[in-house]
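Here is the structure we will look at, set down as C-alpha cells.
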Amino acid sequence: MLPLYPYGLRRTLVRELIPAQLWSFEQLQGLLYVAVPIRMTVVRLRRGLMLYAPLPVTAELREALRQLEAAYGPVRTIVLPTASGLEHKLPAPALARAFPEAELWVTPGQWSFPLRLPLSWLGFPAGRTRVLFEQGLPHADELLWTALGPLNLGLGTFMEAACLHRASGSLLVTDALVAIDPQPPEIFDADPTPLLFHARDRGDQPLEDSPELRRRGWRRLVIFASYLRPEPLTVLGWPEVLRRAFAPGLRNPRSHFGLYPFHWHENWEEAFQALVPEAVPRVQVAPVLERLVFPRARDALLAWIRSLAQLPEIRWLVPAHYAAPVACSAELLNQLADELAARSWAPDEGNWATLARIDRGLLKLGLVPSRPSG
Ligand SMILES: [Fe+2]
C-alpha cells in the first residue's frame, strides 16, 4: 500500500469565491508525503447547484452542501470534466450516489487502465450518466463549454472540459491551467503537518512550526509536485534514510517515524522562484502537464487557450488545483498563449530532467505516440 495522506481523515475547506454564486470545496490529496490541494467548484444556477470536478464524499462535505442546497436549491448536476485526471474521476461514483437525483455528466474518452471497462462497471450510474458534447451540454443557457481534446496519448485519452459561468464571468478548468500561490494556502491552517514535514533538512529533525517553516515546506512541496524530482533535490538511499529514522520524539506516524528520504541542495528555492516568480498567483501550464501530457501537442493546447480567450466577459479563472479565483481576461489568455508559443517547450534540462526521462522512456516503449492524434 502507498502511504496515502491524509489517511482517510480528510478536512474540507469551504470558501465562497463569488458571493451567492460560486464556492470552492478543497481537500488535501496525495501520496508519498506529497499532499496537494484539490478543488471541487460549486456553481449556483437558476435550477439548482452544479458540482464541477468531484471530491471524495465526507460527512463534512455532505453537510456543507446540504446548507447550500437549503439556500439555493438542490444539486442538479455533477460534472466530471476530465478523461484522465484520476484524482477527480475516482470520487465521482460515490458523489453521484450521494445525490441520487442529480445527472452525472462526463467527458468523452473516459478510460480505465489497464483494462477498458464500461462506465457502469466503474460505478457510474448507467441511467443518469451522460457524455458531454456527444449527448448535449448541461445548463447551456448559463454555461459555455469548451473542450480540450480528445487527444490520444497512447496510454489513454486526454480531455478536459472548461466551463464559463456567464453570470459571474468565472472560467472553470481542471488540470490544464493553474496559478500557484507563493504563500501556503489556507487549507493547511487546520493541519500544517505536510508543510512542516518538508520544511526539514533531515529525518532526525523534529517537526517545528513557524510561518517561515510553513512557507519553506509549501515551496518545496510545490516544486516536488511540479517536477517529481526537481534538480536541487537528491532522493536518499534506504541505508541513509534508516540511519536517521526513529530518532527520539519522531517515533510516530505524524513524523512518518523520521523516514525522510530527501536532501535539498542549497539553491533549492531558485526552482520555486522560476516557477512562481511573482508575489501573486500567475496563470500557467503545470510542468507535469507540459512535459508528460502535451510535450508534442503544444498546438492543441494553444488553440484551446486561444478559444477560451474568445469567450465573453471572462473575469476569473477557477482551476481544480492551487489558487482560486485568479483574476483572468481574454487579454491575459492570449498573452499566455503568445508566451507559450514563443518560449522553448517541454525542455529536457534542469528541473525538467526527471519528467523528460519518464516521457522518453514511455516514447521508447511505444506507450505514447510521437505525434498525438486528436
Ligand atoms: Fe487534477
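Whatever position you read off the sequence shown (first residue = 1), add 1 for the numbering used here. Virtual Cβ for every residue (Gly too), placed ideally from N, Cα, C.
Gly250 is classed as exposed because its beta carbon has fewer than 16 other beta carbons within 10 Å across all chains shown.
Taking the Cβ of Asp176 as the reference point, at least one heavy atom of ligand 1 falls within a distance shorter than 6 Å. In this structure, Val284 sits away from Leu341, with a CB-CB distance that is not shorter than 7 Å.
Straight-line spacing of the CA atoms in Val319 and Val80 works out to 15 Å.
Boundaries around Pro240 are those of the alpha helix (DSSP H), 239-245, since no beta strand (DSSP E) includes it. In the displayed model, Glu232 falls within coil according to three-state DSSP, outside both helix and strand.
Taking all protein chains shown into account, Lys90 has 16 or more neighbouring C-beta atoms within 10 Å of its C-beta and is therefore buried.
Burial is judged here by how many other beta carbons sit within 10 angstroms of a residue's own beta carbon; Asn352 has at least 16 and is buried. For Gly362, the enclosing alpha helix (DSSP H) covers residues 354-365. In the assembly as shown, Gly86 is a buried residue. Its beta-carbon has 16 or more other beta-carbons within 10 Å. Look at Thr13 here: in three-state DSSP terms it is coil, with no helix or strand label.
Per DSSP, Ile306 is one residue of the alpha helix (DSSP H) stretching across 299-310. A Cβ-Cβ contact shorter than 7 Å links Val327 with Ala180. Between the alpha carbons of Leu62 and Met41 lies a distance of about 10 Å. By the criterion of a C-beta distance shorter than 8 Å, Gln184 is surrounded in its chain by Arg216, Trp219, once the five residues flanking it on both sides are discounted. Tyr73 is not bridged by DSSP to any residue. For Ile19, the closest C-alpha among the options His166, Thr78, Glu135, Val281 is that of His166. A residue is called buried when at least 16 other Cβ atoms come within 10 angstroms of its Cβ; Ala343 does not meet this threshold and is exposed. For the 7 Å CB-CB criterion, Leu309 and Thr147 form a contact.
For Arg48, the closest alpha carbon among the candidates Leu144, Leu178, Gly157 is that of Leu144.
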